[in-house]
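Before any comments, here is the structure.
Numbering (my numbering), first residue to last: 23 to 66.
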């Protein structure tokens with residue numbers, strides 16, 4: 023945990039979200055966005 027005024031902690035590591043199969047591009051984008059949102063929430 024980082025404490026102090028304006029303190030922030032950032033995690034940077036390689037993550038690749040791969041969605042394969044016959045999926046509409048809009049659905050594919052939504053799935054990837056959901057994964058990133060869940061990861062951000064879990065680490066936030």
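All residues carry an ideal CB built from backbone N, CA and C; glycine is no exception.
Contacting residues, own chain, Cβ-Cβ under 6 Å from residue i (five flanking each side not counted)
i, result
"residue 16", "Residue numbering for the chain in the displayed model covers 23 to 66; residue 16 lies beyond these limits and cannot be assessed."
Residue i (DSSP reduced to helix, strand or coil)
i, result
"residue 54", "helix"
"residue 38", "coil"
"residue 59", "helix"
"residue 64", "helix"
Residues near residue i in its chain [Cβ-Cβ closer than 8 Å; skip 5 each side]
i, result
"residue 37", "61"
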